[in-house]
Amino acid sequence: MIKEYEINLARKCISFATEAGAEAARVSLGKCVTDAYTLLNGQLDKATHSADRSVYIYLFVDGRYGTFSTNRLEENELHDFILKAVEMVRMLGEDRARTLPSRERTAKDAVTGNELGLFDESYYSFDSDKALNDAYSLSRYEEYMKQEDLPYRIISEECEFSCTADDNYTVDSQGFEGRHKETSFGTFAEITVEGHDGCKYSGYWWQTTHKASQIDFGSISGQALERAVRQIDPQKRKSGRYRMVLENTVSSRVVTPLINALNASAIQQKMSFLEGSIGRQTFSEGLTIMDLPRTCGKNGSRLFDTEGVATEDGPIICNGVVQKYFVSTYLANKMGIVPTVEDVSRPCLMPYIKGETLSSEEKELSLKDILKLSGNGILVTGFNGGNCNPVTGDFSFGVEGFAFSKGRITHPVREMLITGNMLELWNNLIAAGSDARPSSRWQIPTLAFEDVSFSA
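This note's numbering numbers the first residue of the sequence shown as 903 and each following residue consecutively.
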């Protein structure tokens, strides 16, 4: 990954910039290597190898600001490149709100990049032969083809195994230095089947982990097939207002508009339906979202943001009350408000059942539990387009999934539309599970809402 001489070059870039007249500078050096193997119907279809090395240089010159990048790490070339970059910044318009974050806000504990335990040294044992063999172990196509008298026909199976190593080192002219390293191993399968009605249905499943020992090769294809087969024979459902359960694979879709609306850039541009919501009871008291970026060994954890500002564990929304905005140094200066971090790292939505108090020792709240709790309604397992208006919070999404009655799934439904407003939706929250997928950076579990408008 990043070598010591490359780190020294990044430090020299700071010197080059200040010597050329920059008031301040930040340099971010990144390396990323990815190998991926894709199989189609049990045969190798595609093998890719990508290696990226880049240097991003952020220059603050005479009240002006510019960003430049290169993948050339030769000292003489970098020196000349930065001299020209500084001169170019001087030709830009002034923007005094552009500054580095104060030194006391930056991280002091990201020294080696391994502090969070996200880099698996066994990554280096994944040569091309091993990675390809692991990809082959995902496929069950030949097994499927031997099965007879099935009520469906396998059209195709696509599987992929990928392994990635990422290393980032950031340094600025105020003395901040921080490093973040992580590995990622991913498995994916998508199955397409044809039902007896001649219609085709697809299902997929995936897993991502930073530890090679946690990779699941055996069940990925089988789960993708199960998700495809259970969609066969969808039935029409009348329009109306139903209880809606969102599976943990798609539940983040209704959390994303909330996080986006809490970004200072949206607020500054008058593009946020949560402007002025700090400290107010805005949502159901059951909605608590924590940002937990400093949890060791978890996807999405990080000790600093791209500015070098130290992250911290804490609430984003607590019992329905908005606790913080995501405010970069630039927007804090521009808007005259207190800076935080520039964006969410690892949002975790806490378990909840309306009318009950859950202790930390509460048993697992799974999809099965929440379906039983919800009684009758529609389980959404997929989104098919749609959008949310960032100014008003009004949304319209195409969905598919299953009708359920008395807590049991009865039949699949497709091509339905849900409409409403995010504030109204989240004030109708009746349950949140404790079953967020470990593979996801966003830890959003199964969710249940009442009185949601569905159109057939």
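Note that the Cβ used here is the ideal one computed from N, Cα and C, for glycine as well.
Self-check item: N-terminal and C-terminal residue of the alpha helix (DSSP H) that Ala1130 is part of
Solution: Along the sequence shown, one-based indexing puts residue 1130 at 228. Ile1122 to Val1131 is the extent of the alpha helix (DSSP H) around Ala1130.
Quiz item: Taking buried to mean at least 16 other C-beta atoms within 10 Å of its own C-beta, is Ser1307 buried or exposed?
Solution: Sequence index remark: in the sequence shown, residue 1307 carries index 405 (1-based). Per the 10 Å Cβ criterion, exposed.
Quiz item: Across which residues does DSSP place Met1324 in a beta bridge pair?
Solution: Position 422 of the sequence shown, counted from the first residue, corresponds to residue 1324. Its beta-bridge partners do not exist; DSSP assigns none.
Quiz item: Since Gln1345 contacts Pro1249 with CB under 8 Å, what's their CB separation in whole angstroms?
Solution: For this step, residue 1345 is matched to residue 443 along the sequence shown. For this step, residue 1249 is matched to residue 347 along the sequence shown. About 7 Å; that satisfies the 8 Å criterion.
Quiz item: Taking all protein chains shown into account, do 16 or more other C-beta atoms lie within 10 angstroms of the C-beta of Gly1335, making it buried, or fewer, making it exposed?
Solution: To locate residue 1335, count along the sequence shown from 1; it is residue 433. Answer is buried; the Cβ neighbour count reaches 16.
Quiz item: Under the DSSP definition of a beta bridge, which residues are partnered with Pro1314?
Solution: Here residue 1314 refers to the residue found at position 412 when the sequence shown is read from its first residue. Per DSSP, Phe1304.
Quiz item: Does the ligand ADP have even one heavy atom less than 8 Å from the beta-carbon of Lys1102?
Solution: The ligand content of the structure shown is nil, which means the ligand ADP is not present either.
Quiz item: Roughly how many whole angstroms lie between the Cα atoms of Lys1102 and Asn1162?
Solution: As a working note, residue 1102 is residue 200 in the sequence shown. As a working note, residue 1162 is residue 260 in the sequence shown. Cα to Cα, the separation comes out at about 35 Å.
Quiz item: With which residues is Phe1351 paired in a DSSP beta bridge?
Solution: As a first step, residue 1351 is located in the sequence shown; it is residue number 449 there, counting from the start. Answer is Met1146 and Leu1331.
Quiz item: Who are His951's beta bridge partners in DSSP?
Solution: Walking along the sequence shown from the start, residue 951 turns up at place 49. Bridge partners of His951: Asp937.
Exercise. Assess, as a yes-or-no matter, whether the region 956-975 is touched by the region 1076-1086 under the definition of 3 or more beta carbon pairs within less than 8 Å.
Key: no
Quiz item: Which residues in the same chain have their Cβ closer than 8 Å to the Cβ of Ile1122, if we skip the five residues on either side of it in sequence?
Solution: Within the sequence shown, the letter at position 220 stands for residue 1122. The residues are Leu1040, Cys1061, Thr1089, Phe1090, Ala1091, Trp1107, Trp1108 and Gln1109.
Quiz item: Do Leu1281 and Glu1149 have their C-beta atoms within less than 9 Å of each other?
Solution: Sequence index remark: in the sequence shown, residue 1281 carries index 379 (1-based). Sequence index remark: in the sequence shown, residue 1149 carries index 247 (1-based). Cβ distance < 9 Å, so Leu1281 and Glu1149 count as in contact.
Practice problem: Measure the alpha-carbon distance for Cys1290 versus Ala1130 and round it to whole angstroms. | Solution: Looking up residue 1290 in the sequence shown gives position 388. Looking up residue 1130 in the sequence shown gives position 228. So the alpha carbons of these two residues sit roughly 28 Å apart.
Quiz prompt | Assigned exposure category for Gly1295 - 16 Cβ within 10 Å defines buried | solution = For this step, residue 1295 is matched to residue 393 along the sequence shown. So Gly1295 ends up on the buried side.
Quiz prompt | Val1246 versus Lys1236, Tyr1232 and Val1211, residue with shortest Cα-Cα distance | solution = Numbered from its first residue, the sequence shown carries residue 1246 at position 344. Measuring from the Cα of Val1246, the nearest candidate turns out to be Val1211.
Quiz prompt | Of the listed residues Ala1037, Thr1066, Leu1349 and Asn1278, nearest to Val1152 (C-alpha basis) | solution = As a working note, residue 1152 is residue 250 in the sequence shown. When each option's Cα is compared against that of Val1152, the closest is Leu1349.
Quiz item: Sorted by chain position, which residues of the same chain lie with C-beta nearer than 8 Å to Gly1322's C-beta, five sequence neighbours on each side aside?
Solution: One-based indexing of the sequence shown puts residue 1322 at position 420. Within the same chain, Gly1322 has close Cβ partners Asp1296, Phe1297, Val1354 and Ser1355.
Quiz item: How big is the Cα-Cα spacing for Lys905 and Gln1170?
Solution: Looking up residue 905 in the sequence shown gives position 3. Looking up residue 1170 in the sequence shown gives position 268. Each residue's Cα considered, the two are about 40 Å apart.
Quiz prompt | Cβ-Cβ separation, Leu1034 to Tyr939 (assumed contact under 8 Å), whole Å | solution = The sequence position of residue 939 within the sequence shown is 37, counting from 1. The sequence position of residue 1034 within the sequence shown is 132, counting from 1. Confirmed, about 5 Å.
Exercise. Compare the beta carbon distance of Arg1343 and Asn1201 with 9 Å and say whether it is the shorter of the two.
Key: Residue 1343 sits at position 441 when you count from the first residue of the sequence shown. Residue 1201 sits at position 299 when you count from the first residue of the sequence shown. Yes.
Practice problem: Can you have a look at Arg1204 and say buried or exposed, based on whether 16 or more other CB atoms are within 10 angstroms of its CB? | Solution: Within the sequence shown, residue 1204 is the residue found at index 302, counting from 1. It counts as buried.
Quiz item: In whole angstroms, what separates the C-alpha of Val957 from that of Lys1113?
Solution: Working through the sequence shown from its first residue, we reach residue 957 at position 55. Working through the sequence shown from its first residue, we reach residue 1113 at position 211. Taking the straight line joining both Cα atoms gives about 27 Å.
Quiz item: How about the region 1182-1196 and the region 1135-1150: do they share at least three Cβ pairs that are nearer than 8 Å?
Solution: no
Quiz prompt | C-alpha distance - Tyr960 paired with Leu985, whole-angstrom precision | solution = Numbered from its first residue, the sequence shown carries residue 960 at position 58. Numbered from its first residue, the sequence shown carries residue 985 at position 83. Taking the straight line joining both Cα atoms gives about 13 Å.
Quiz prompt | Lys1274 vs Gly1309 beta-carbon contact at 9 Å | solution = Here the question's residue 1274 lines up with position 372 in the sequence shown. Here the question's residue 1309 lines up with position 407 in the sequence shown. In contact: Lys1274 and Gly1309 (Cβ atoms closer than 9 Å).
Quiz item: How would you call His951, buried or exposed, if buried means at least 16 neighbouring beta carbons within 10 angstroms?
Solution: Taking the sequence shown and counting its residues from 1, the one referred to as residue 951 is at position 49. When all chains shown are included, His951 counts as exposed.
Practice problem: Identify, in the order they occur along the chain, each residue of the same chain with its Cβ nearer than 7 Å to the Cβ of Tyr907, setting aside the five sequence neighbours on each side. | Solution: If you number the sequence shown from 1, residue 907 lands on position 5. Same-chain partners within the cutoff: there are none.
Quiz item: By Cβ distance below 6 Å, which residues in the same chain neighbour Gly1097 in space, the five residues on each side in sequence not counted?
Solution: As a first step, residue 1097 is located in the sequence shown; it is residue number 195 there, counting from the start. Hits under 6 Å: Tyr1054 and Ile1134.
Self-check item: Span of the alpha helix (DSSP H) around Asp1036
Solution: Taking the first residue of the sequence shown as 1, we reach residue 1036 at position 134. Start and end: Ser1030 to Tyr1038.
Practice problem: On the DSSP bridge assignment, give the partners of Thr969 in chain order. | Solution: For the purposes of this step, residue 969 is identified with residue 67 of the sequence shown, where counting begins at 1. Tyr960, per the DSSP bridge assignment.
Quiz item: Under the three-state reduction of DSSP, which class applies to Pro1136: helix, strand or coil?
Solution: Along the sequence shown, one-based indexing puts residue 1136 at 234. Coil, per DSSP.
Practice problem: Could you check if Asp901 is buried or exposed, using at least 16 other CB atoms within 10 Å of its CB as the buried criterion? | Solution: Only positions 903 to 1358 of the chain appear in this structure, which leaves residue 901 out of reach.
Quiz item: The beta strand (DSSP E) spanning Lys1083 covers which residue range?
Solution: For the purposes of this step, residue 1083 is taken as residue 181 along the sequence shown, with counting starting at 1. Run containing Lys1083: Glu1079 to Gly1097, per the beta strand (DSSP E) assignment.
Quiz item: Which of the three DSSP states, helix, strand or coil, is assigned to Asp1271?
Solution: Counting from one through the sequence shown, the residue named residue 1271 turns up at place 369. Asp1271: helix per DSSP, three-state reduction.
Practice problem: Give me whichever residues DSSP pairs with Ser930 in a beta bridge. | Solution: Position 28 of the sequence shown holds residue 930. The partner list for Ser930 (beta bridge, DSSP) reads Tyr958 and Thr1072.
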